[in-house]
Every structure is written in C-alpha cells, then in structure tokens.
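Data block below; observations after.
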Amino acid sequence: MFNKHSNITVAVDQNLLWWRAKSGNFSVQPSGAYIFSPDGILPHTISPLSLVNTSIVNGSLVQEVRQQWSSWAYQTVKLYSNLPIAIFEYTIGPIPYEDKVGKEVVSRFTTDLKSNATWYTDSNGREMQKRIRNYRPTWKWYDSEPVAGNYYPVPSRIYIRDEDHGVQLTVLTDRAQGGSSLKDGELELMVHRRLFDDDGKGLDEALNEPGQFGDGLIVRGSHYVILDNFNNSTLCHRLLGEKLLLKSQPFISTFPVSPSEWMAKFPTQYSGLARDLPPNVHLLTLERLDHTHHLLRLEHQFQSNEQPYNNTVTVQLADLFTTMKVVDVVELGLGANAALSDIHRLHWNTESHGAKGRYQSAEAKMKSPFIVELKPMEIHTFNITVEYTI
C-alpha cells in the first residue's frame, strides 16, 4: 500500500477469515450472542488467495478490485483519485450452516509495522483507548482466552502505530464491531457471525437468524483504511469519522426542469454558519427549544496528544450564525438539565491514581461577544437566546 502524498509504502495483506466457534452443552463455554469463544487460536481461510476470483476495473475517478472469495463472501476494494483512503466493501452471507459449525467471520489486515503489542480503539468516536496485548492495567492477566480476551469494542475506528518509523494504519468502520491486534502489525475486525448454540447468558436461543429467504443473514458493510504519518492520520480519521456518522442524505425530485433551470430558480447551497469553525471544533447539537432559545453544544474533536490540532481554541458565539444573532448565553452541564454554576461535583477519596476533580463549578452566564474556550476533548453545552435577522 502506497501513500503518494506522504511517500509512505507498507506491505499490507488483507484476508477474509473465520473463527470456528466452540459448541457443546456448557462443559465448555460456547460462542453465542453475548460470548465470543473461538475453538483454537488460529482462524480458517474462506478461500486461499490464489483461488480468489479477482477482476480489476480502472476508471478516471476510481479504480476497483472485485473479489469473490466463495459463494457467500464478496469484496470490492475502491481507490478514489481524490481521497486519501482505500475503501473495502464486503458482502458476507448467508454463512453456510449444513455442517452445523459456528463461524465468526473477520477481515484481517496484516502489515510489517512494528506495533509493539499495542493498538488503539475509540470510545464512542471520541477518545482513543490504548490496548496492550495480554495485559490489563489494574489486574494480572491470565491467558485462558488468548483470542477473545484481546478483543475490544470498536465503535468507529481502530489503529496500530510503528513508533520507530512514524507510520499509522487506521481502519474506520461503518458500524460498531469487535476488533483486535492478535499479532504485531495486524488488525482484525469481526464482520459477521452465525452460531448454533446458546451461550447461556439469557437470550436462550442460538445466533442463527433465518433472514429474508430462510437461509441466513447477509451483511454488507465498509472499512475505510488510512495509511499515513501520525499527524495526517489523526486529522483524516477525526474528520472522516464525522462524515461517516453524519452522511448527507440525497433527495430526488420529479420537478420537470433541467439542472441549469433548477439552479436559476432555487438555491442549491446553504450554510447556517456565518464562518467556518476551526478544524478541531465540531458543532454537536443545535436544537430549537422555543422561538428564542436554542440548545447548543460544541466539542473539541482532538485529544491532548494529537498534534497539531490539540491546541486550546476559542469560538465567538455572538455572530456565529447567518440568520440569527446570539444575545444571551447560559452555560449548562453536559446533560443540559442544570446551569453549570449549580453543579457541584462529588469529591471521592481514592487509594491510588490520585484522581482529582478536573472541572469545577463556574459562572454559567456569559458576557457578549460570548467567547467559548475549548480544550482537547471538551464538550460545552449552552442555552442561547437569539434574535432572528431575517
């Protein structure tokens, strides 16, 4: 895989694999709706790479590699000329059931990056959490589950880093999945499962949905792969993550006019913001409460260690919007159920870690021009009073 802009080349091998699920009558813990319990420490191949049916389509805007791994596993890899990412679109299912062997399908990326048993997963699209293989920070690790014990939730992204060469491989998902790095240089994400035993955790049925035609579910999804240096990767995955979560919705009109006539009669662009927000600030909420009051949330999208956008940033609210002027601001708690000045945090006595209250009660009412200061990962919530200008 070659990043032309950053001149970075890394050998990347991607495979579709499946883990054989443990089964039985609870003499061993079977895989199920709530439990991932693979039978063994090595997954099985859906098909050897040499037998994958592959075709390549070259275009001026996009290049595609179309792969058929089996009768139930397909993949298309897309490279757009104007995007710094590779898109892996998969179609998995119906997973075969004739052998009654539970299968848990993963997409695995294997590289020569030296990731030092470390990888990172996101916490609900915000702060990245450091993961270390076969390790827990607060208790001794036992390797009774060497595979499942190293799986973590991946709400939106996962990455590995080569600290010596300053290279990062990031994979963004279009839905929450489980993921891991079971070996250095590897990332894998679970994309589909079909199981034939209940795991005994309360559902009281196997994870074996019949689907529309009675032969099992078909899952379609996408992985967005970024290969770049640390700074570029951070900017790309932060902004791309928001775009994937908040995709534009296309609408089709039957109005009988040409595109040029439509553009002459109707506005085709609109922004409610009078100016661009800084690249590290996201407008999280703008909700009308009544005719003159709106609920506003602003978030800093970057962490304190994510350069170069980890700086404290300010936003002026008074003239931020195109159709309304902000005339009064009261800062609220995150849940918007109380003024910030009325919130008093509990102070806990701790034996270790030296936990301290980071946020203190503050004056909730702000003065014009209502300048908000955002530090890395902060979210600020406001009740704003507005006067409409049109």
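full-length UniProt numbering puts the first residue of the sequence shown at 1, with every later residue one more than the last.
Positions of the beta carbon are idealized from the N, C-alpha and C atoms, including for glycine.
Since this is a predicted model, take the numbers as computed values, not measurements.
query: Coarse secondary structure for residue 259, derived from DSSP in three states; result: helix
query: Extent of the continuous beta strand (DSSP E) run through residue 392; result: Only positions 1 to 390 of the chain appear in this structure, which leaves residue 392 out of reach.
query: Beta-carbon gap between residue 72 and residue 16 smaller than 8 Å; result: no
query: Counted within 10 angstroms of its Cβ, other Cβ atoms place residue 201 as buried (16 or more) or exposed; result: exposed
query: C-alpha distance - residue 187 paired with residue 23, whole-angstrom precision; result: 26 Å
query: Spatial neighbours of residue 369 in its chain, beta-carbon cut-off 8 Å, leaving aside the 5 residues before and after; result: 316, 317, 318 and 319
query: Entirely enclosed beta strand (DSSP E) segments - the stretch 121-205, minimum 3 residues; result: 128-132, 152-154, 157-162, 167-173, 177-180 and 186-194
query: Extent of the continuous beta strand (DSSP E) to which residue 109 belongs; result: 103-111
query: Residue interval of the beta strand (DSSP E) (run including residue 311); result: No beta strand (DSSP E) holds residue 311; DSSP gives it neither H nor E.
query: Assigned exposure category for residue 180 - 16 Cβ within 10 Å defines buried; result: buried
query: Identified DSSP bridge partners for residue 213; result: None, per the DSSP bridge assignment.
query: Closest residue to residue 42 among 59, 67 and 108 (Cα-Cα distance); result: 108
query: Rounded separation between residue 119 and residue 132 - CA only; result: 7 Å
query: Enclosing alpha helix (DSSP H) for residue 351 [first to last residue]; result: Counting along the chain, residue 351 falls outside any alpha helix (DSSP H), and DSSP gives it neither H nor E.
query: Contacts around residue 228, its chain only, beta-carbon distance under 6 Å, and the 5 residues preceding and following it disregarded; result: 3 and 6
query: Between the CA atoms of residue 9 and residue 123 - distance to the nearest angstrom; result: 29 Å
query: Between the CA atoms of residue 258 and residue 307 - distance to the nearest angstrom; result: 47 Å
query: Counted within 10 angstroms of its Cβ, other Cβ atoms place residue 102 as buried (16 or more) or exposed; result: buried
query: Rounded distance between the beta-carbons of residue 85 and residue 252, thought under 8 Å; result: Contact doesn't hold; Cβ gap of about 27 Å is too wide.
query: Euclidean distance between Cα positions of residue 46 and residue 277; result: 46 Å
query: Where residue 361 sits in the DSSP three-state scheme; result: Here residue 361 scores only 46 on pLDDT, less than 50, and its place in the model should not be relied on; the value that follows carries that caveat. Correct three-state label for residue 361: coil.
query: Short Cβ contact (8 Å threshold) for residue 206 with residue 93; result: no
query: CB of residue 163 within 8 Å of CB of residue 134, strictly; result: no
query: Residue 219 versus residue 148: straight-line alpha-carbon distance, rounded; result: 22 Å
query: Simplified DSSP state of residue 234, which is helix, strand or coil; result: helix
query: The stretch 370-384 in contact with the stretch 323-334 per 3-pair CB rule at 8 Å; result: yes
query: Helix, strand or coil at residue 70 according to DSSP, with G and I counted as helix; result: strand
query: Check whether residue 237 and residue 126 have beta carbons under 8 Å apart; result: no
query: Inter-residue spacing [alpha-carbon to alpha-carbon] between residue 361 and residue 64; result: Its pLDDT being 46, under 50, residue 361 is placed unreliably by the model, and nothing is read from it.
query: Alpha carbon of residue 287 to alpha carbon of residue 268, nearest angstrom; result: 23 Å
query: Reduced DSSP category for residue 328 - H, G, I as helix; E, B as strand; rest coil; result: strand
query: Distance CB(residue 216)-CB(residue 36) smaller than 8 Å; result: no
query: Opposing strand residues paired with residue 221 [DSSP bridges]; result: 90
query: Limits of the unbroken beta strand (DSSP E) element including residue 13; result: 12-20
query: Secondary structure of residue 240, DSSP reduced to three states; result: helix
query: Residue 345: first and last residue of the uninterrupted beta strand (DSSP E) it sits in; result: Where residue 345 is concerned, there is no enclosing beta strand (DSSP E), given that its DSSP letter is neither H nor E.
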